[in-house]
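Peer 1: Protein chains in written order, with the UniProt record's numbering: chain A, 1 to 535; chain B, 1 to 250. Ideal Cβ placement from N, Cα and C applies to all residues, glycine included.
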């Protein structure tokens with residue numbers, strides 16, 4: 001522990017935002033996977049970790065429903081998303097089908113992450129010890145503000161005015177770029193899609209493919225308009241051919257790679273056993289950032305830790321197939337502290353909590369921390385495909401965002417309250433998840449929390465109570481059915497296009513007419529003599 | 001003639017109240033196949049709407065009622081993949097949440113004896129040709145809970161392929177959710193309709209006269225859109241096609 005900051009988030013130091021009270025804080029025996037959680041008094045999230053503060057960009061976001069309505073009207077975006085997700089779905093399905101032992105791999109992946117999460121303080125300390133022993137400096141950050149202050153401090157101390165960045169969800173989450181810009185430091189995204197988003201003054205809408213909502217014609221316009229303001233301009237005769245667009249990005253970025261003295265990355269995995277950090281990427285921009293500058297600062301969520309190097313073997317079989325639909329990704333970079341005369345000589349790792357301890361304290365919800373950010377669940381999700389990533393009000397969109405954000409940030413805001421309901425519970429996400437996160441069950445678990453936190457006097461809650469009373473006894477149900485069939489007889493075969501209170505249903509769907517006779521009325525008429533139960 | 005097992009029909013509240021044709025067809029079909037069908041009158045609802053909307057406390061008494069009503073039977077059959085999914089995947093968990101270990105055991109026991117219709121026909125009775133006749137162009141939509149919770153696989157298709165006269169055509173992107181999703185259909189109506197509109201488009205692309213599924217909840221959503229579009233495509237529950245004969249067509 002030798003960084004410039006104090007160690008507020010260090011394990012074993014409660015109550016300052018630690019990741020658990022000690023090695024036995026999260027015993028395996030407490031795990032449950034049914035998604036329904038404990039009653040409020042018996043479990044569920046407690047106050048053992050602070051919530052993540054909603055970052056500036058997403059403050060005051062409307063509910064998912066409201067944001068999705070606007071996004072659905074964007075026909076260009078819907079076409080882009082439908083095309084892109086269908087392509088990547090097909091690729092993933094093909095390469096996953098090749099692996100005979102896929103299910104065993106998924107189980108092994110889930111077990112490796114669970115082992116790490118259930119003994120997180122131990123593995124984090126082991127990671128810190130190994131990193132320190134190999135010449136890296138470890139910093140602990142309780143929240144986004146602390147993490148940003150650490151990185152800004154490190155860059156300033158080195159008199160650098162710019163950093164090159166490897167694509168990183170953790171730095172998106174803490175809004176590091178904004179913090180660096182505020183400190184007068186330029187942060188250059190070097191992943192192609194992140195570059196498109198950054199140049200377009202846009203927000204990422206996908207974990208793996210942040211510019212998935214853009215097509216190549218839009219990208220060409222962004223490059224032509226924006227590149228010149230921040231570096232080498234795009235060639236005036238730029239076409240929208242993918243190869244020409246990639247060439248323009250390569251030339252633009254090359255200057256920044258050659259000049260930068262500091263790089264900022266995240267990490268896909270951090271191996272406790274060896275102190276090795278791993279970045280998995282496709283373009284080679286990451287390799288440039290991880291090897292050329294003198295200083296490398298990696299911002300890593302505490303849940304990224306893996307117990308052993310052997311676990312990485314499992315993960316590297318699961319991640320590329322689930323993520324890009326490739327058997328193996330083009331570039332996998334690993335570094336273990338500092339190597340004399342080879343690569344960055346000034347290596348820092350910032351371990352960030354930012355709400356993760358809070359998630360970890362829920363024995364059901366913490367399964368979401370297994371996530372390796374592959375985005376398979378986004379690509380198979382019919383809701384994500386239509387609503388797009390921005391409607392989720394976070395850098396984590398899609399099914400995993402719908403379970404992660406309300407746990408990291410709590411359910412006080414409009415968007416976080418709505419996210420557990422942003423799913424038809426179709427189950428495609430669970431089926432695709434390489435680490436077996438039962439997202440539908442987690443969504444149901446979180447819905448129960450949202451309801452429990454509400455007053456219980458909403459029209460919905462009153463309606464549910466009334467319906468539950470009706471279903472509580474078959475005679476009450478039969479009485480209610482007599483009213484429905486009376487309505488059915490009055491309506492006859494007329495088509496119902498609207499019913500008061502059912503406007504949301506009826507805007508594009510006809511309303512079914514109640515039948516003249518319920519099933520049980522028919523049964524009594526046709527079977528009463530032969531069935532003793534029906535007397 | 002009763003030569004087969006006694007089957008307790010779980011009609012499900014939605015079918016019982018809104019779509020009685022499906023449980024009626026289930027009764028006729030099972031009786032035709034030699035089963036003795038009983039309908040325990042005390043049954044109401046599996047509680048899924050409450051569970052999936054976040055009202056676990058309201059769902060728990062319905063778990064108890066289900067276990068009490070259906071506990072005595074070796075075979076419980078329901079014409080709904082979704083309701084059977086709730087019984088199998090959620091009932092014991094709700095009991096556990098309520099801290100009721102006796103109910104948890106009872107819920108697990110009754111869940112193990114509860115079958116979705118196509119499972120019961122193929123796995124228990126061992127039939128795929130149920131003697132049905134339905135001379136129409138039909139496309140099959142596999143509902144999410146039957147597909148990904150119950151893993152019924154192609155059992156409904158095995159049954160449909162044996163129907164005489166049927167022209168069974170494949171539905172494009174069949175495994176994709178139709179967008180119903182229980183209260184999702186009204187809470188996220190815009191997204192639900194966008195999904196349903198794509199499903200309806202795929203149905204119409206097949207040129208089918210009828211879209212068939214194992215859940216009337218999904219069919220109410222898909223059919224509501226198809227009707228609004230005046231597409232002329234009918235929705236039918238799987239049980240209705242399997243019960244259909246030359247003498248009594250669906």
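Report all residues from its chain with a CB closer than 8 Å to the CB of residue 101(A); omit the five preceding and five following residues, and keep chain order.
Peer 2: none
Peer 1: Rounding to the nearest angstrom, what Cα-Cα distance links residue 518(A) and residue 64(A) in this structure?
Peer 2: 37 Å
Peer 1: Taking all protein chains shown into account, do 16 or more other C-beta atoms lie within 10 angstroms of the C-beta of residue 458(A), making it buried, or fewer, making it exposed?
Peer 2: Residue 458(A) comes out exposed.
Peer 1: Does the region 52-68 of chain B come within contact of the region 124-141 of chain B, defined as at least 3 CB pairs closer than 8 Å?
Peer 2: No, the region 52-68 of chain B is not in contact with the region 124-141 of chain B.
Peer 1: Please list the terminal residues of the continuous alpha helix (DSSP H) segment that includes residue 122(A).
Peer 2: 120-133
Peer 1: With 7 Å as the C-beta to C-beta threshold (strictly closer), list the residues of the region 467-484 of chain A near chain B in chain order.
Peer 2: Per Cβ criterion, the list reads 468, 471, 472, 474, 477, 481, 484.
Peer 1: I need the straight-line Cα distance from residue 26(A) to residue 236(B), nearest angstrom please.
Peer 2: Low confidence applies here, because residue 26(A) scores a pLDDT of 30, under 50, leaving its location unreliable; read the following figure in that light. Cα-Cα distance, rounded: 50 Å.
Peer 1: Are the C-beta of residue 447(A) and some C-beta of chain B separated by less than 8 Å?
Peer 2: yes
Peer 1: Against chain A, does residue 72(B) count as a neighbour if the rule is that its beta carbon must be under 8 Å from one of theirs?
Peer 2: no
Peer 1: Which residues mark the beginning and the end of the beta strand (DSSP E) in which residue 334(A) is found?
Peer 2: 331-335
Peer 1: Kindly indicate if chain B contains any beta-carbon less than 8 Å away from that of residue 407(A).
Peer 2: no
Peer 1: Return the residue from the list 511(A), 90(A), 385(A), 142(A) that minimises the CA-CA distance to residue 491(A).
Peer 2: 511(A)
Peer 1: Can you find a CB in chain B that lies within less than 8 Å of the CB of residue 40(A)?
Peer 2: Low confidence applies here, because residue 40(A) scores a pLDDT of 35, under 50, leaving its location unreliable; read the following figure in that light. Output row for residue 40(A): interface = no.
Peer 1: Please list, in chain order, the chain A residues whose beta carbon lies closer than 7 Å to that of residue 153(B).
Peer 2: The contacting residues do not exist; residue 153(B) stays about 13 Å from chain A at best.
Peer 1: Looking at the C-beta of residue 314(B), does it have a partner C-beta in chain A at a distance below 8 Å?
Peer 2: Any answer about residue 314(B) is impossible in this case: the structure gives chain B only from 1 up to 250.
Peer 1: Does the pairing of the region 179-198 of chain A with the region 285-297 of chain A give three or more beta-carbon distances under 8 Å?
Peer 2: yes
Peer 1: In chain B, which residues lie with their C-beta within 9 Å of the C-beta of residue 424(A)?
Peer 2: 144, 177, 178, 179, 180, 181, 182, 184, 185, 188, 191, 192, 195
Peer 1: Evaluate residue 349(A) with the Cβ neighbour count: other Cβ atoms within 10 Å of its Cβ, from every protein chain shown; 16 or more gives buried, anything less gives exposed.
Peer 2: Answer is buried; the Cβ neighbour count reaches 16.
Peer 1: DSSP on residue 87(A), reduced to helix/strand/coil?
Peer 2: helix
Peer 1: Closest to residue 372(A) by C-alpha separation, out of 410(A), 314(A), 509(A), would be which residue?
Peer 2: When 410(A), 314(A), 509(A) are compared, the shortest CA-CA separation from residue 372(A) is found for 314(A).
Peer 1: Leaving out the 5 sequence neighbours to the left and right, which residues in its chain are closer than 8 Å to residue 33(A) when beta-carbon positions are compared?
Peer 2: Residue placement at residue 33(A) is poorly supported in this model, since its pLDDT is 36, which falls under 50; the coordinates are not used for a value here.
Peer 1: What does a CB cutoff of less than 6 Å around residue 391(A) pick up in its chain, not counting 5 residues either side in sequence?
Peer 2: Answer for residue 391(A): 64, 67, 68, 71, listed in chain order.
Peer 1: Report the rounded CA-to-CA distance for residue 226(B) versus residue 73(A), giving the unit in angstroms.
Peer 2: 21 Å
Peer 1: Quick one: give me the first and last residue of the beta strand (DSSP E) that residue 63(B) is part of.
Peer 2: Unbroken run through residue 63(B) is the alpha helix (DSSP H), 56-70; no beta strand (DSSP E).
Peer 1: Can you tell me the Cα-Cα spacing of residue 41(A) and residue 50(B), whole angstroms?
Peer 2: Low local confidence applies: a pLDDT of 35 at residue 41(A) is under 50, so the model's placement there is unreliable, and no value is given.
Peer 1: Around the C-beta of residue 175(A), are 16 or more other C-beta atoms found within 10 angstroms, so that it is buried, or is it exposed?
Peer 2: buried
Peer 1: So the candidates are 65(B), 36(B), 41(B), 40(B); which of them puts its Cα closest to the Cα of residue 472(A)?
Peer 2: When each option's Cα is compared against that of residue 472(A), the closest is 65(B).
Peer 1: What three-state label does DSSP hand residue 208(A) in the structure shown?
Peer 2: coil
Peer 1: If we cut at 8 Å on Cβ distances, does residue 72(A) have a partner in chain B?
Peer 2: yes
Peer 1: Which of the three DSSP states is assigned to residue 185(A) in this structure?
Peer 2: Reduced to three states, the DSSP call for residue 185(A) is coil.
Peer 1: On a CA-only basis, which of 157(B), 177(B), 202(B), 171(B) is nearest residue 148(B)? Give me that one, please.
Peer 2: Ranking the options by Cα distance to residue 148(B), first place goes to 177(B).
Peer 1: Taking 8 Å as the cut-off, decide whether the C-beta atoms of residue 296(A) and residue 270(A) are in contact.
Peer 2: no
Peer 1: With a threshold of 8 Å between beta-carbons, can residue 504(A) be considered close to chain E, or not?
Peer 2: No chain E is part of this structure, whose protein chains are labelled A and B.
Peer 1: Run down chain A in chain order and give the residues with a C-beta less than 7 Å from the C-beta of residue 225(B).
Peer 2: Neighbours of residue 225(B) on chain A, chain order: 508, 509.
Peer 1: Which residues does DSSP pair with residue 118(B) in a beta bridge?
Peer 2: Partner(s): none; residue 118(B) has no beta bridge.
Peer 1: Are the C-beta of residue 68(A) and some C-beta of chain B separated by less than 8 Å?
Peer 2: Chain B has a Cβ within less than 8 Å of the Cβ of residue 68(A).
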